[in-house]
Amino acid sequence: MSDEMVAVITGANRGLGLEFARQLAGRGYRVVITDRDDRISDEAAASFEREGLAWNYERVDVTADSDVARIGDALRQNFGRADVLINNAGIQGDPGIPEHPEDFAIGTFFKAKPETALRTMNTNALGAFRMCQAVIPLMRKRGYGRVVNIASGMGQLADMKGGWACYRMSKTAINALTRIVADEVKGEGILVNSACPGWTRTQMGGATATRSVEEGADTIVWLATLPDDGPSGGFFHDRKPYAW
Ligand SMILES: NC(=O)c1ccc[n+]([C@@H]2O[C@H](COP(=O)([O-])OP(=O)(O)OC[C@H]3O[C@@H](n4cnc5c(N)ncnc54)[C@H](OP(=O)(O)O)[C@@H]3O)[C@@H](O)[C@H]2O)c1
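Numbering (our numbering), first residue to last: 2 to 245.
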C-alpha cells in the first residue's frame, strides 16, 4: 500500500478541479487527476512537474459505469487506498445561460428539455453517486476518508428561484446524496460534505465571476482535509454551514 495520502478529483483538467488538485498536491497528497477526455493540458502537466507535485492521471467520464469501475480497480491496484474524493465534474446543462445571474429569462424552466435535465442529472448528481460507490469501499477498508461533493447555491431549496431548472435540480440532488452517504458511513472515519465554491472565474462561471479559483477552492480543500472530529453530512460555503 502507498504511504502517500491519495486524493481523487473528477473533472480536474481545468477550472476548480485543477485548482483542488494543485492545492492538495501542494499539501503532500498524491492527486489522481481525472477527466473525461484524454489528459490534462500540457501546460498544467508541466506546472505540476515544475513544482514537483505528485500526480497521476486516469480517464474517467463520470457518466460511464465502465470508467468509474476502472478507476476503482486502478486505485486498488496502484495505491491500495483512497483518502479523499472530490466529486467536482459538472455541466451547466441548461442552454443559453447568460453571463449575469440576474438575467435568467433565457434559462427559463418553460424552455428546458427533459433530456437536458436527464443529461445534467446524470453528470452532476449520478456521476458523484457512481464515484462514491466505487471509491468509498476503499476508504472503509482503512477507516478513513473525506468526500466533498461540489454543489452550488443554485441547488439550495432554502433559496430556490426560477431559471436554470436542470442545473438547480442536479445540485439539490447531489446535496441529498451527501446526506444519504454521510449517514450510511457514520462512525467509520469517513466525513462526507457538500460545498458551494461561490461564483468563480472558470469556463462555467465566466470571466465576470467574482472569485478566483484559489478563493473558490478554499472551502473545498478545507473539507477535504478536515480533522477526525470535523463535521459530516453538512453543506458549506466560505467554511460556514449553508442552508440546504
Ligand atoms: N464556477 C462557478 O461559479 C461554480 C459555482 C458553483 C458550483 N460550481 C461547480 O463547480 C464544479 C466545477 O466547475 P468549474 O466552474 O470548474 O467548471 P468548468 O471549468 O466547466 O469545469 C467542469 C469540469 O467538469 C468536467 N466534466 C464535465 N462533464 C464530465 C463528465 N461526464 N465526466 C468527467 N468530467 C466531466 C469538465 O471536463 P471537460 O473539459 O471534458 O468538459 C471540466 O473538467 C462543477 O460541479 C460546478 O457545477 C461552479
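Idealized CB from N, CA, C, for every residue including glycine.
query: Under the criterion of a Cβ to heavy atom distance below 7 Å, does residue 10 qualify as lining ligand 1?; result: no
query: Please report the straight-line C-alpha distance between residue 89 and residue 18, rounded to a whole angstrom.; result: 6 Å
query: Just how far apart, CA to CA, sit residue 201 and residue 108?; result: 19 Å
query: Assuming residue 141 and residue 189 are in contact, meaning their beta carbons sit under 8 Å apart, how far apart are those beta carbons, in whole angstroms?; result: 6 Å
query: Ignoring anything shorter than 4 residues, give me the alpha helix (DSSP H) runs that lie fully in the stretch 80-160, in order along the chain.; result: 115-125 and 127-143
query: Would you tell me roughly how many angstroms separate the C-alpha atoms of residue 145 and residue 136, rounded to the nearest one?; result: 12 Å
query: Run through DSSP, which three-state label would residue 25 get?; result: helix
query: Considering Cα atoms alone, identify which of 209, 218, 211 and 197 is closest to residue 235.; result: 197
query: In the DSSP output, what is residue 192 paired with across the bridge?; result: 147
query: Out of 75, 171, 157 and 80, which one is the CA nearest neighbour of residue 118?; result: 171
query: I believe residue 149 touches residue 76 by the beta-carbon criterion, under 8 Å. Please report the beta-carbon distance rounded to the nearest angstrom.; result: So it is not a contact: roughly 17 Å between Cβ atoms.
query: Looking only at its own chain, which residues have a Cβ that is under 7 Å from the Cβ of residue 24, when we skip the five neighbours before and after it?; result: 218 and 222
query: Ligand 1 heavy atoms versus the CB of residue 24: any closer than 7 Å?; result: no
query: Out of 241, 36 and 238, which one is the CA nearest neighbour of residue 68?; result: 36
query: Indicate whether the contact test is met: 3 or more Cβ pairs, each with one atom in the stretch 119-130 and one in the stretch 52-71, closer than 8 Å.; result: yes
query: Any chance the CB of residue 153 is under 7 Å from a heavy atom of ligand 1?; result: yes
query: Starting from residue 7, follow its DSSP beta bridges and name the residues at the other end.; result: 31
query: How big is the Cα-Cα spacing for residue 206 and residue 16?; result: 9 Å
query: Using three-state DSSP, classify residue 223 as helix, strand or coil.; result: helix
query: For a test of the three-state rule: what should DSSP assign to residue 173, helix, strand or coil?; result: helix
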